[in-house]
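Accompanying notes for the structure given below.
Number of protein chains: 2
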Amino acid sequence: MVSIEKAIQQKEFKDPKNKLIVNLLYTHSYLVTQQNSLFKPYGISPEQYNVLRILKGQKGKPITVSSIQERMLNKMSNASRLVEKLKIKGLLKREECPTDRRQVDISITEEGLELLEDLQIQVDKFNKNFVSLSDEDVTKLNQLLDDLRG
Amino acid sequence: MVSIEKAIQQKEFKDPKNKLIVNLLYTHSYLVTQQNSLFKPYGISPEQYNVLRILKGQKGKPITVSSIQERMLNKMSNASRLVEKLKIKGLLKREECPTDRRQVDISITEEGLELLEDLQIQVDKFNKNFVSLSDEDVTKLNQLLDDLRG
DNA sequence: TACATTTAGATGTATATACATTAATTACAT
DNA sequence: ATGTAATTAATGTATATACATCTAAATGTA
Chain V
1 MVSIEKAIQQ
11 KEFKDPKNKL
21 IVNLLYTHSY
31 LVTQQNSLFK
41 PYGISPEQYN
51 VLRILKGQKG
61 KPITVSSIQE
71 RMLNKMSNAS
81 RLVEKLKIKG
91 LLKREECPTD
101 RRQVDISITE
111 EGLELLEDLQ
121 IQVDKFNKNF
131 VSLSDEDVTK
141 LNQLLDDLRG
Chain F
1 MVSIEKAIQQ
11 KEFKDPKNKL
21 IVNLLYTHSY
31 LVTQQNSLFK
41 PYGISPEQYN
51 VLRILKGQKG
61 KPITVSSIQE
71 RMLNKMSNAS
81 RLVEKLKIKG
91 LLKREECPTD
101 RRQVDISITE
111 EGLELLEDLQ
121 IQVDKFNKNF
131 VSLSDEDVTK
141 LNQLLDDLRG
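Protein chains in written order, with full-length UniProt numbering: chain V, 1 to 150; chain F, 1 to 150.
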């Protein structure tokens with residue numbers, strides 16, 4: 001195991017709370033770097049995957065850009081631009097909302113669903129593999145992260 | 001407390017390991033959003049702060065760009081560009097390394113140190129405030145994150 | 001020495017976040 | 001009904017990551 005102290009060549013932390021902030025930032029970066037490798041062969045980014053997952057969860061029912069935004073993991077994501085990228089790739093379609101012409105109805109295409117079919121399997125595999133803690137530790141870690149934001 | 005399920009409007013997760021991945025991504029985003037507000041008045045980004053901290057830790061001894069890179073929280077950071085931004089702001093200086101003309105000696109300026117003086121206090125305050133868990137829970141959380149990468 | 005290899009740093013491009021602003025449309029209040 | 005406010009999505013700009021490529025300089029070897 002590579003300690004953070006070693007990874008960033010810092011002798012020690014001011015206190016455990018400061019270390020926790022660094023630990024979160026470092027662990028996130030560690031995760032995301034590996035996620036990128038996973039997604040790369042599929043031609044989409046983790047954020048674009050997030051959008052596709054949201055669309056698939058709609059089970060055919062269209063959703064607006066702002067609703068996608070609200071459901072994203074990172075609330076600062078720019079759903080409008082991510083949607084545009086995915087549209088160019090043919091993974092979703094955009095239609096004018098009939099009841100409100102400001103809104104746009106977004107839904108996943110057959111191609112989008114096909115891409116997810118394989119990719120989701122790989123993501124699940126990756127997640128299972130990445131998290132090699134005991135069930136108990138996973139639950140505890142989830143709990144503590146929830147508490148941290150509490 | 002806002003559960004992730006509510007925050008991203010997802011009914012449930014496939015399993016706790018999948019939830020943990022999402023939890024990490026979501027908690028990170030939650031943290032970074034608040035960090036950005038903290039740094040904004042100081043005119044530097046969290047990443048630029050990371051560079052300045054590394055330089056301050058050198059206690060006057062210059063350091064190369066690649067060494068900065070190695071010590072950064074996100075190993076994919078582009079230290080060369082971050083250094084350039086900080087140089088423009090007068091917070092660090094770049095000097096040609098006498099023993100190897102490929103390398104560049106970076107060191108923090110008096111202005112950089114002055115900026116850190118106040119900012120570090122605010123960062124410590126923020127961290128203490130952000131992490132409102134018990135000492136025991138902080139230690140446990142640090143441990144579990146370490147294990148996760150183990 | 002001469003040439004190939006490696007290393008350090010800079011730079012180009014694509015993607016994404018952060019935040020402000022704009023245009024079009026809808027809702028609301030008078 | 002009309003003017004104002006609010007909402008939706010798009011867009012502009014700055015910062016940063018991700019990854020490839022380039023140049024200059026150092027290193028290593030025949």
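Glycine included, every Cβ here is placed at the ideal spot set by N, Cα and C. Remember, it's a predicted structure, so these values are computed and weren't measured experimentally.
Proximal residues of chain V, C-beta to C-beta of residue i below 7 angstroms
i, result
"Arg71 (chain F)", "Ile8 and Gln9"
"Val138 (chain F)", "Pro16, Lys17 and Leu20"
"Leu119 (chain F)", "Neighbours of Leu119 (chain F) on chain V: none; closest Cβ ~14 angstroms, over 7 angstroms."
"Leu55 (chain F)", "Residues of chain V passing the Cβ test: none, with the nearest at roughly 13 angstroms."
Three-state secondary structure (DSSP) of residue i
i, result
"Val123 (chain V)", "helix"
"Asp137 (chain V)", "helix"
"Val2 (chain F)", "coil"
"Gln9 (chain F)", "coil"
"Lys61 (chain F)", "coil"
"Lys89 (chain F)", "coil"
"Gly112 (chain V)", "helix"
"Asp100 (chain F)", "coil"
Terminal residues of the beta strand (DSSP E) in which residue i lies
i, result
"Ser29 (chain F)", "Segment Pro16 to Phe39 is the alpha helix (DSSP H) holding Ser29 (chain F); no beta strand (DSSP E) there."
"Leu92 (chain V)", "Leu92 to Glu96"
Cross-chain neighbours of residue i in chain F, by beta carbon under 8 angstroms
i, result
"Asp146 (chain V)", "Met1, Ser3, Ile4 and Asn23"
"Ser29 (chain V)", "Leu73, Asn74, Lys75 and Met76"
"residue 151 (chain V)", "Since the first residue of chain V shown is 1 and the last is 150, residue 151 (chain V) is not available in this structure."
"Asp135 (chain V)", "Pro16"
Member of the options whose CA lies at the smallest distance from the CA of residue i
i, options, result
"Lys11 (chain V)", "F:Asn129, F:Gln58 and F:Lys85", "F:Gln58"
"Lys75 (chain F)", "V:Lys125, V:Asn142 and V:Gln34", "V:Gln34"
"Ile121 (chain F)", "F:Gly150, F:Leu38 and F:Leu55", "F:Leu38"
"Tyr42 (chain V)", "V:Ile21, V:Thr27, V:Val123 and V:Lys140", "V:Val123"
"Ile44 (chain F)", "F:Thr64, F:Ser66 and F:Val83", "F:Val83"
"Ser80 (chain V)", "V:Gln103, V:His28 and V:Thr139", "V:Gln103"
"Phe130 (chain F)", "F:Val65, F:Val22, F:Leu55 and F:Thr27", "F:Thr27"
"Asn127 (chain V)", "V:Asn36, V:Ser66 and V:Lys56", "V:Asn36"
"Glu110 (chain V)", "V:Ser3, V:Val2, V:Lys40 and V:Lys56", "V:Lys56"
"Cys97 (chain V)", "V:Ser3, V:Thr64 and V:Val2", "V:Thr64"
"Leu116 (chain F)", "F:Thr99, F:Arg53 and F:Ile21", "F:Arg53"
Partners in chain V for residue i, counting only beta-carbon separations shorter than 8 angstroms
i, result
"Tyr42 (chain F)", "What Tyr42 (chain F) touches in chain V: nothing, since even the nearest Cβ is about 17 angstroms away."
"Thr64 (chain F)", "Those within 8 angstroms of Thr64 (chain F) in chain V number zero; the least Cβ separation is about 13 angstroms."
"Thr33 (chain F)", "Lys75 and Met76"
The alpha helix (DSSP H) enclosing residue i, as first and last residue numbers
i, result
"Asp105 (chain F)", "First-last for Asp105 (chain F): Val104 to Ile108, but that is the beta strand (DSSP E), not the alpha helix (DSSP H)."
"Arg71 (chain V)", "Val65 to Arg71"
"residue 165 (chain F)", "Only positions 1 to 150 of chain F appear in this structure, which leaves residue 165 (chain F) out of reach."
"Arg53 (chain V)", "Pro46 to Gly57"
Chain-ordered neighbours of residue i on chain V, where CB pairs are closer than 9 angstroms
i, result
"Val131 (chain F)", "Pro16, Lys17, Asn18, Leu20, Ile21 and Leu148"
"Leu116 (chain F)", "In chain order: nothing, as chain V lies at least about 14 angstroms away."
Beta carbon of residue i nearer than 9 angstroms to that of residue j
i, j, result
"Asp137 (chain F)", "Leu24 (chain V)", "no"
"Glu95 (chain V)", "Pro62 (chain V)", "yes"
"Leu119 (chain F)", "Ile108 (chain F)", "no"
"Lys6 (chain F)", "Phe13 (chain F)", "no"
"Leu86 (chain V)", "Gly60 (chain V)", "no"
"Lys93 (chain V)", "Ile106 (chain V)", "yes"
"Leu148 (chain F)", "Leu133 (chain V)", "yes"
"Asn50 (chain F)", "Leu31 (chain F)", "no"
"Asp135 (chain V)", "Pro16 (chain F)", "yes"
"Arg71 (chain V)", "Gln9 (chain F)", "yes"
"Ser66 (chain F)", "Glu47 (chain F)", "no"
Contact list for residue i against chain F, beta-carbon separation under 7 angstroms
i, result
"Asn127 (chain V)", "Lys17, Asn18 and Ile21"
"residue 186 (chain V)", "Residue coverage of chain V in this structure runs from 1 to 150, which leaves residue 186 (chain V) outside it and unanswerable."
"Tyr26 (chain V)", "Leu73"
"residue 225 (chain V)", "The first residue shown for chain V is 1 and the last is 150, placing residue 225 (chain V) beyond what the model contains."
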